[in-house]
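When you line the sequence shown up against mature numbering (1 follows the signal peptide of the UniProt record, and there is no 0), it's residues -26 to -1, 1 to 929, in that order. Ideal placement from N, C-alpha and C gives every residue a C-beta, glycine not left out. Keep in mind it's a predicted model, so treat the numbers as computed, not measured. First up is the structure itself, then whatever we jot down about it.
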Amino acid sequence: MERSTPGTTAARSWLILLCLAAAATAGVLQAHAQPDSKGFISVDCGLLGKTSYVDGKTKITIAADDGFTDGGSFHNISAEYITPTLAARYHNVRSFPDGARNCYMLRSVVAGLKYLIRATFMYGNYDGLSKLPIFDVYIGVNFWMMVNISDPAGLTLLEAIVVVPDDFVQVCLVNTGTGTPFISGLDLRPLEKTLYPQANETRGLSLFGRWNFGPTSSTQIIRYPDDPHDRVWIPWVSPSYWTEISTKRPVEHTDEDVFDAPTAVMQTAISPLNASINIEFSWVPFSLPNDPSPGYIAIFHFSELQLLPCNAVREFYINLNGKMVFSKGYTPAYLYADAIYNSNPFLRYSQYNISINATANSTLPPIINAMEVYSVFSTATVGADGQDVSAMMAIKEKYQVKKNWMGDPCVPKTLLWDKLTCSYDNSKPARIISINLTSGGLRGEISSSFASLKALQYLDLSNNNLSGLIPDALSQLPSLTVLDLTGNQLSGSIPSGLLRRIQDGTLNLKYGNNPNLCANGNSCQPPKNKSKLAIFISVPIVLVLVIASATILLFSLLRRKKQVPFFAYEGSMNNSVEPQNDTASYVPTTGGHGHSSSMRLENRRFTYDELKKITNNFQRVLGRGGFGKVYNGFLEDGTQVAVKLRSESSSQGDKEFLAEAQILTRIHHKNLVSMIGYCKEGEYMALVYEYMSEGTLKEHIAGTRNNGRCLTWRQRLRIALESAQGLEYLHKGCNPPLIHRDVKASNILLNARLEAKIADFGLSKAFNLENSTHVSTNTLVGTPGYVDPEYQATMQPTTKSDVYSFGVVLLELVTGKPAVLRDPDPISIIHWARQRLSRGNIEGVVDAHMCDDHDVNGAWKAADIALKCTAQVSAQRPTMTDVVAQLQECLELEEGRFAINDANSNFYTGNSSNPNSSYDMYVTNHSTGVSQNDAFEMEHNFGRIPSMATGPAAR
């Protein structure tokens, strides 16, 4: 078997660089940030000015990056790395020493279309520090790849195929604290929707390698114009192991061809020197810290290049690690391009061994023309609404806002743009609801792009130097409640649309200290008329306020006659609770700056007689707990509900009742049980919830629901993930954050679709995240078997206390056993599981009722997450955000097992009548091997990148 020596590697590297990026020629043109006539965008990162040039080999126009990003600094690489064969594109870089995230914006793309995105990096000691950086690269808000520069002279190339959801796409470099991010070049190429069906709206392909077999020279790299999509095909030349086969005749493509390999690639092939031996490949996965063993998709390209005599047969199998990947022998068609490929990733292996061997019927050895290998990465994370993003980009550009305004304005939350507030709904894109640009140095007219932010509620442009007219389009923003324009140089009249919004009370407009602004909605008059508008607006507002105040005073007096004033009760919570970035569930009363200063309960208040009617005199009991019994009920419109009525003997009193009522009034999440209403009438206290038809998770684990039918592993993982998302929202999405303090299987409810929701917030506590990390209490609450030992010792619950309890629930899901086992003596499920897992006995831990119908790797991972959650020391436990991410990976492993089943059912030939007929989506959260290399086995001029452990060989 041949292996590349360092000298051979260096020689090949020079040749690749020579062919990939030939020295630029032609005249200098005006740079532009738009696609060319082919839809190509090609960027030379770090090129000074607003220029562009034409590449001498491909004739593709390459533009400076001035119109694509506004961050970073320009640098030339060190002179010692500039050689006669190194293209000008790699002489310079743009680096980003400032900010956690810096992005390139590629505009004028087609939403929903498939694109190839390529990024190149050559360090060349541009900063003179000789410190090789490591950083992450994202496509939009989705992680693509980690760049790990290991050689200052090496060229690292990343390439991905993705579906772009909007009319723009961003490529972002994220500083991970291990070196300054930089970039040399960036390309975007459109692809037909039919190409690469493995890539879709939620899944991207990340290139591991693309190889052309059969060229006689390692300089014969094929790209545009031979490949109209400008894919880079690297030649593999090894004449001592195989015979090169070629033709000058054109190779046709069938109508069903979903890869469109170029004719120049398909006109060459390889075959073993000895007809009795096989062609073999192998590669080792490119490991990432968050995905050490990624899955891969392989595409094998075939075309028969020889006109065979009638008695000759060329037929072969393709095997992966000894298993057939296509269920029958395959014969390539003469001068027609075809492919065998898998639509979902291979099962995960520590090494992938491909063997192409002739069948017993074959009289000729196997051949192969080309091969592509991709890893899968998730593009399922949804960023902010596309229209909102476009509007904010236009606003940023108009006012030249620097701040940290790079990438998506809302996602991830940790990189939220300064001065913005967003609302988040897991099922929809994030929306921008608040912008505060007071004293921001803004000049010029008010941007019309503000009117495109349809979810905007609060806009503060005060104390700037804005001039011109107030756009009437702002009155069309349906959710806008506060518009502050004070302290500017605005002129003209207040638009009639805004005046109507003021009159009907839906908008609070502040416009003082604008000397040239007219107060009359119809025409501009001297300042006297301004006072008329003030009277015109102020009088009805004052009347409304007087009436409202009188009503509130009367209501307050009436309330004092009751034993416990519901809203005056202060013992139930340390702070008021309001959902962060979520306004659908409350009505804000705006103060001087338009922020919510008080809350109003909007849930229905029931009388006790109404509850009796709803529950048919409390006839059917659904369950019982520390608060009291829970009854089945139906509202007037037929909606089924659950009524939790406090009993006289309840261990939980007014405090817990009011705590739960206040919390559920103010927090809303798809994985938290919703409160429909409440009753507080003398001694009667009740909460009315949405009905969860499938009862508690505890019942399902114990087998007392569904006629004893067992939850599947996929259902268990989904329930765990949804429960974790609910807890994550309590810890991160609420303001102030909440600690549940009684997480257990009986407090996780399931609806008819087995969707999980956290319930029972009577023991929950709020805490101020800025000032403390725990809540000081005098009493220990919770359920034996679930209580954090550190909380027991300190009496100070933290969010990590909930993490501990959730870890116990997760172990119950994995094992099918209760939190405390009788074995025969009482033993914690944590100790029971640790003992067995320490001996590597996962099958002795997993619930036997599932009959081994689960992904073993996913089960191991889930058990490991549970043990980390239940670590004795809280500092060693993950956050719920970490748990959500890890459980998502477990679920994807199981989804992938369902999608794959066995390799045979997911491999297709390119001439199949319908290549998508059995296509199942599989998504993984992490990108995998990415980089283009000129040989399967060497670390070459593309830097440290995934490579074939063994090149194609005849055996």
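Shortest alpha-carbon distance to residue i belongs to which of the options?
i           : options                : result
Q636        : T589, K672, D734       : D734
Q172        : V232, S212, T190       : V232
K731        : C284, R417, K739, E702 : E702
N198        : T32, K167, G651, S250  : Just to set this straight, residue 198 is Tyr in the shown sequence, not Asn. The residue with the shortest Cα to Cα distance from Y198 is T32.
residue 952 : F42, Y27, T43          : Since the first residue shown for the chain is -26 and the last is 929, residue 952 is missing from the structure and cannot be characterised.
K484        : D399, Q450, P9, I444   : I444
K402        : C384, E655, G45, N186  : C384
D776        : C492, G790, R322, K706 : K706
E657        : P469, D478, L619       : L619
C19         : G13, T43, F255         : T43
F274        : A368, T221, W185, H203 : W185
F117        : Y170, W216, V820, V350 : V350
G98         : V647, L87, T130        : T130
I803        : A238, P189, G790, G45  : G790
N149        : L162, V137, N122, R163 : N122
Which partner residues does residue i have in the DSSP bridge list?
i           : result
L282        : According to DSSP, which records beta bridges pairwise, L282 is partnered with nothing at all.
S180        : A134, S349
N186        : P209, A344
F290        : Y304, A332
T193        : Note: T193 sits in no beta bridge, so no partner.
P246        : W216
T35         : V28
E226        : Y310
I15         : L162
residue 941 : This structure cannot speak to residue 941, because the chain is shown only from -26 to 929.
residue 931 : Residue 931 is absent from the structure shown; the chain starts at -26 and stops at 929.
S69         : S47, F156
Y326        : W257
H642        : In DSSP, H642 forms no bridge with anything.
Taking Cβ positions, are residue i and residue j nearer each other than 8 Å?
i           : j    : result
P236        : I196 : yes
S436        : G471 : no
G759        : V794 : yes
L787        : A807 : no
D382        : V111 : no
C684        : M824 : yes
S47         : P155 : no
Q699        : Y665 : no
I253        : P340 : yes
G303        : Y291 : yes
N438        : L457 : no
Q809        : K835 : no
S667        : N591 : no
residue 949 : E419 : Residue 949 lies beyond the residue range present for the chain, which begins at -26 and ends at 929; the question has no answer from this structure.
V858        : L695 : yes
Which two residues bound the contiguous alpha helix (DSSP H) that contains residue i?
i    : result
D808 : The question names Asp, but residue 808 is Arg in the sequence shown. Run containing R808: 803 to 811, per the alpha helix (DSSP H) assignment.
S779 : 773 to 789
V363 : 360 to 373
N174 : No alpha helix (DSSP H) holds N174; DSSP gives it neither H nor E.
Provide the residue span of the beta strand (DSSP E) that contains residue i, from first to last.
i    : result
W216 : 216 to 220
F233 : First-last for F233: undefined, no H or E at that position.
E122 : As written in the sequence, residue 122 is Asn, which differs from the Glu given in the question. Per DSSP, N122 belongs to the beta strand (DSSP E) from 116 to 122.
V148 : 142 to 152
P310 : Note on residue identity: the sequence assigns Tyr, not Pro, to residue 310. From DSSP, the beta strand (DSSP E) with Y310 extends over 310 to 316.
L440 : 439 to 442
R92  : 88 to 96
From the beta carbon of residue i, is the nearest beta carbon of chain D less than 8 Å away?
i    : result
A334 : Absent from the structure is chain D; it holds one protein chain and no more.
Does the structure place the region 665 to 676 close enough to the region 770 to 781 that three or more beta carbon pairs sit under 8 Å?
no
So, do the region 89 to 103 and the region 155 to 165 have three or more beta carbon pairs nearer to each other than 8 Å?
yes
Taking one C-beta from the region 372 to 380 and one from the region 293 to 300 each time, how about it: are there three or more such pairs within less than 8 Å?
no
Is there contact between the region 207 to 220 and the region 244 to 253, where contact requires at least three CB pairs shorter than 8 Å?
yes
Evaluate contact between the region 9 to 24 and the region 140 to 154, counting only Cβ atoms and requiring at least three cross-stretch pairs below 8 Å.
no
Are there three or more Cβ pairs, one per stretch, closer than 8 Å when the region 385 to 399 is compared with the region 462 to 469?
no
Between the region 421 to 436 and the region 348 to 366, can you find at least three pairs of beta-carbon atoms closer than 8 Å?
yes
Counting Cβ pairs, one atom from each stretch, are 3 or more of them under 8 Å apart for the region 79 to 86 and the region 138 to 147?
yes
Contact between the region 864 to 872 and the region 799 to 806 (3+ Cβ pairs under 8 Å)
no
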